[in-house]
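Trainee:
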Amino acid sequence: MNHQQPGRRTVLRAGGLAGLAAAAGLAPNPAAAAPAPRPPRIVDLGPAVSQFSLMSAVLTGDTVHIGSRNIEPVQIISVHLPTRKVVARTELTNGHSIQALAADDSGRYLYAGILQKASGDRPNLFRWDLRTPDEPAEPLGSIGDRDVRALTVAPDGVVYAVGGGSSGAPALWEYDPATGGISNVGTPDPKVTLARAVAATRTHAFFGAGTTFNGGGDTSRAALYAYDRSAGTFTSIAPPEMLRDPSIRDLAVLGDRLAVSTAGSTEDAKVALMDLKDLSSYRIATSIGKVAKSFTMIGDTVHYANESGLLAYLPSTDTVTPVAYDGPELGEIWGVDSRAGKAVVTSAFGFVAEIDPARRTAAVIDLGSAGAPMAPQTVMGIATGGGHVYVGGNATVARHTPGRDTVVKLRAPGEAKDAVVVDGILYTGQYNSEGIWRHDPRTGRTGQVAAFPSEQNRPLDVTFDEDTGLVLVGVQSDTEGGGALWTYHPRTGGHRSYANPVDDLQCVRGIASRDGVAFLGGDNTAPTGPRSTVVAFDPVAGRELWRIDPRQTAGTAALAVRGRHLYGLSRKGGLFVVDIPRRELIHRADVTSVSNGFAALVTNRGVVYGVSDTTVFRFHPRTFAVSVVVPDIDGGWYSGAHITNDEYGRLYTMRGRNLVRITDRPGY
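With mature numbering (1 follows the signal peptide of the UniProt record, and there is no 0) applied, the sequence shown corresponds to residues -33 to -1, 1 to 635, in that order.
What follows is the structure in structure tokens.
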């Protein structure tokens, strides 16, 4: 979290007049006695977010198999619905999450594909023999793409996989259990950035892809191809109505029809049923929301998930309606199957719900109560204030109260990528396309307070500007390119969005503020084009004031203000300092010894601190020299390191998967 020093009144309480002078960037009085430097004090506050986080689910018989997300080791649990218990578990030897699960028609083999941080020779495709669940899952090898995002098993047992994460466009991959070989059968569209959908029959495999990350430029939109398994050829079969959407989101063979969905962006998602005997013949409908995935049939109705619930698509009328039931909110859904006329829904909130659409009832199995292992997960943003420390996880925000043993888990869909506490109330930037959420610990209420255009889907940095009273959020648009600045006024509830305030290629990765001016740090994830531009922006009037090129070879990682100086880090370990009143770049340095990649900055007690994946560090307020505060901290971050501070000048970040508090008095 690239947060500012607490507001001027808070600085005066914490550090007196000396603290106010330091925050203003004034040199200290040489006659004043400076405290002697001493080693930082580190307090371990325990696991930051502990839960069975999940990312996939599939039903075989009476048992739901669920793939874990961001916990170690990556694993699959099997929940038996009649007994409501976890009856089996296996660990995989690689990866951080399982997004892809598929079972063969016999129900004997369960295939799993993992997400991993780096490409290499380690396996990303596994098979678990459900007849002998005590035996570990078997590594089968590796598809050439880094991540496996979707799997399917054809009726003859051949497995097809798709994914992405490598430098080139994703391919369609085939695993033949008869030979044990994994082969690339082709890349039908060289301009797609990710494939998340695959299905297969005896004669064809279907490949669905598009632009999910790094959008803009000449990247492809929704792409759907039929692969003739005997001829080895691809044919584009996407319904024209789907071509404007960013990507094909999911595919499933339902009897004699192919179910297809898109991921929406500026428009709602689409769902279609295509005749497998004549793919030019199809029924199509506009869905509700921007996500449509995980198909199953109950009677003559297709049931599937959007971003927050269960929907029903009736092909005879091409209508989509929410499924009404008496039960809990489902949040993000990672599996929808059918059993005995009921929809079996696996929620990221940590439960399985059996929903009866006819009776409008829901029976819920809490995974923790069923025996799922609770484990520390990698985390997102951190915020402090009002005596609490908040840490974002998958579908939850963990609220720690130092001095107490209990950790309160707050349900919130998606991921709290970053957050800030204002007057004791938490405000989060929620991925994916969830806008700004609010939690008041005094009332316990949590909910969305501001929604924004859905293509502005990935919040990156959240801060508070005391001069304007605005919460400021920097955003990336994954599918369209560029980004946005969001503003929210906690007192009035007013909110605004400014698209592409840097340019149409650069997102807003870092935010800092001074005297009511927001400084926006750009980052371009494309291989070419401008990057690291810093824009001074009036968040009330919604206009640019000036901009500067900090002369970096990579995009902005983080920004912070100390007095008259704007500090910035690039994603390749470049430090830059801008004199704000003079609008001049006055300092550059290579700090790759402490930071290379995503990082965060915070101004604390008159000093700018930073954290990377490896190190906590600080910058000298006069010379800008970097020094190490905590080496080898190696925080368990899911999407980039964060650091924040409380009202007393104590820092909070991660060491491994534990939350730590750092008290540092450098004596400057």
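Beta carbons are placed, not taken as given, at the ideal position from N, Cα and C, and that holds for glycine.
Could you pull out every unbroken beta strand (DSSP E) segment of at least 3 residues lying fully inside the stretch 248 to 312, listed in chain order?
Mentor: The qualifying runs are 260 to 265, 268 to 272, 277 to 281, 286 to 289 and 300 to 306.
Trainee: Compare the Cα-Cα distances from Gly348 to each of Gly183, Pro408, Val440 and Arg94 and report the closest residue.
Mentor: The shortest C-alpha separation from Gly348 is found at Val440.
Trainee: Among the candidates Val227, Ile255 and Thr263, whose CA atom is the shortest distance from the CA of residue 642?
Mentor: Outside the shown range of the chain, which is -33 to 635, sits residue 642, and nothing can be said about it.
Trainee: Tell me, to the nearest whole angstrom, how far the beta carbon of Ala190 is from that of Gly177; I am working on the premise that it is less than 8 Å.
Mentor: Correct: roughly 5 Å between the Cβ atoms.
Trainee: Express the C-alpha separation of Gly353 and Val388 in angstroms, rounding to a whole number.
Mentor: Spanning the two alpha carbons is a distance of roughly 8 Å.
Trainee: In angstroms, rounded to a whole number, what distance separates the CA positions of Gly541 and Thr559?
Mentor: Computed Cα separation, rounded: 7 Å.
Trainee: Determine whether the beta carbon atoms of Ser108 and Leu92 lie at a separation below 8 Å.
Mentor: A small correction: the amino acid at residue 108 is Gly; Ser does not occupy that position in the sequence shown. Contact: yes.
Trainee: Assess, as a yes-or-no matter, whether the stretch 328 to 339 is touched by the stretch 40 to 53 under the definition of 3 or more beta carbon pairs within less than 8 Å.
Mentor: Yes, they touch.
Trainee: Whose CA, out of Arg8, Tyr142, Met22 and Leu240, lies closest to the CA of Ile251?
Mentor: When each option's Cα is compared against that of Ile251, the closest is Leu240.
Trainee: Does the Cβ-Cβ distance between Gly616 and Arg555 come in under 8 Å?
Mentor: Cβ atoms of Gly616 and Arg555: not closer than 8 Å.
Trainee: Report yes or no: do the stretch 299 to 315 and the stretch 25 to 37 share at least 3 C-beta pairs separated by less than 8 Å?
Mentor: As far as the Cβ criterion goes, the stretch 299 to 315 touches the stretch 25 to 37, which means the pair count is three or higher.
Trainee: Which whole-angstrom value describes the C-beta separation of Asp385 and His32, a residue pair presumed to lie in contact below a C-beta threshold of 8 Å?
Mentor: Rounded, the Cβ-Cβ distance is 33 Å, inconsistent with contact.
Trainee: On the premise that Ala162 lies in contact with Pro137, defined as a C-beta separation below 8 Å, what is that separation, rounded to the nearest angstrom?
Mentor: About 4 Å separates the two Cβ atoms, so the contact holds.
Trainee: Just to confirm, are Ser421 and Lys158 a CB contact at a threshold of 8 Å?
Mentor: Not a contact, by the Cβ cut-off of 8 Å.
Trainee: Quick one: does Asp631 have its CB under 8 Å from some CB of chain D?
Mentor: In the structure shown, chain D does not exist; there is a single protein chain.
Trainee: Could you give the DSSP three-state label for Ala138: helix, strand or coil?
Mentor: It is coil, neither helix nor strand.
Trainee: Hey, how far is the Cα of Gly317 from the Cα of Ile38?
Mentor: Straight-line Cα distance between these residues: approximately 14 Å.
Trainee: Under the criterion of a Cβ to heavy atom distance below 7 Å, does Asp557 qualify as lining the ligand ATP?
Mentor: Among the ligands in the structure shown, none appear at all, so the ligand ATP cannot be discussed.
Trainee: Are the Cβ atoms of Val502 and Val469 separated by less than 8 Å?
Mentor: In this structure, Val469 lies closer than 8 Å to Val502 by Cβ.
Trainee: Going by DSSP, what residues sit across from Pro106 in a beta bridge?
Mentor: Paired residue(s): Phe93.
Trainee: What residues in its chain sit with their C-beta under 6 Å from that of Asp428, if we drop five residues either side in the sequence?
Mentor: Here the set comprises Asn(-32), Asp385, Gly441, Gly477 and Ile478.
Trainee: Kindly give me the distance between the Cβ atoms of Arg36 and Ser20, rounded to whole angstroms, as I take these residues to be in contact under 8 Å.
Mentor: That belief holds up - the Cβ atoms of Arg36 and Ser20 are roughly 4 Å apart, short of 8 Å.
Trainee: Alpha carbon to alpha carbon, how far is Thr492 from Thr60? Give it in angstroms, no decimals.
Mentor: Going by the C-alpha atoms only, they are around 31 Å apart.
Trainee: Could you give the residue range of the beta strand (DSSP E) that holds Ser444?
Mentor: Unbroken run through Ser444: none, as it is neither H nor E.
Trainee: Tell me where the alpha helix (DSSP H) around Gly184 begins and ends.
Mentor: Per DSSP, Gly184 belongs to no alpha helix (DSSP H) and is neither H nor E.
Trainee: With a threshold of 6 Å on Cβ separation, who are the neighbours of Val438 within its own chain once the five nearest residues in sequence on each side are excluded?
Mentor: Within the same chain, Val438 has close Cβ partners Tyr394, Phe431 and Tyr455.
Trainee: What residue ranges within the stretch 389 to 448 form continuous beta strand (DSSP E) runs of no fewer than 3 residues, ordered along the chain?
Mentor: For the stretch 389 to 448, whole beta strand (DSSP E) runs of length 3 or above, ordered along the chain, are 392 to 398, 402 to 407, 412 to 417, 425 to 432 and 437 to 443.
Trainee: Using a Cβ-Cβ cut-off of 7 Å (strictly less than) and excluding sequence neighbours within five positions of Pro340, which residues of its own chain qualify?
Mentor: Excluding sequence neighbours, Pro340 sits near Phe19.
Trainee: Along the chain, where does the beta strand (DSSP E) containing Ser499 start, and where does it finish?
Mentor: Note, Ser499: premise wrong, no beta strand (DSSP E); not H, not E.
Trainee: When the Cα atoms are used, what is the spatial distance from Asn424 to His171?
Mentor: Rounded to whole angstroms, Asn424 to His171 spans 34 Å at the Cα level.
Trainee: Taking a contact to mean a Cβ-Cβ separation below 8 Å, would you say Glu58 touches Gln42 in this structure?
Mentor: Yes, Cβ-Cβ distance for Glu58 and Gln42 is below 8 Å.
Trainee: Could you pull out every residue in the same chain whose Cβ sits closer than 7 Å to the Cβ of Gly184, ignoring the five residues on either side in sequence?
Mentor: Counting only Cβ-Cβ distances below 7 Å, and skipping sequence neighbours, we find Gly448 and Ala493.
Trainee: Which full runs of the beta strand (DSSP E) of 3+ residues lie inside the stretch 161 to 230, going along the chain?
Mentor: Segments of the beta strand (DSSP E) lying fully in the stretch 161 to 230: 161 to 167, 171 to 177, 190 to 195, 200 to 203, 214 to 221 and 224 to 230.
Trainee: Can you list, in chain order, the residues of its chain with a C-beta nearer than 6 Å to that of Val528? Leave out the 5 residues immediately preceding and following it.
Mentor: Ala479 and Arg481, listed in sequence order.
Trainee: Quick check on Asp223: buried or exposed, where buried means 16 or more other Cβ atoms within 10 Å of its Cβ?
Mentor: It is exposed - the Cβ of Asp223 has fewer than 16 other Cβ atoms within 10 Å.
Trainee: If we ignore side chains and look at the alpha-carbon of each, how far apart do Asp212 and Ala128 end up?
Mentor: So the two alpha carbons sit approximately 22 Å from each other.
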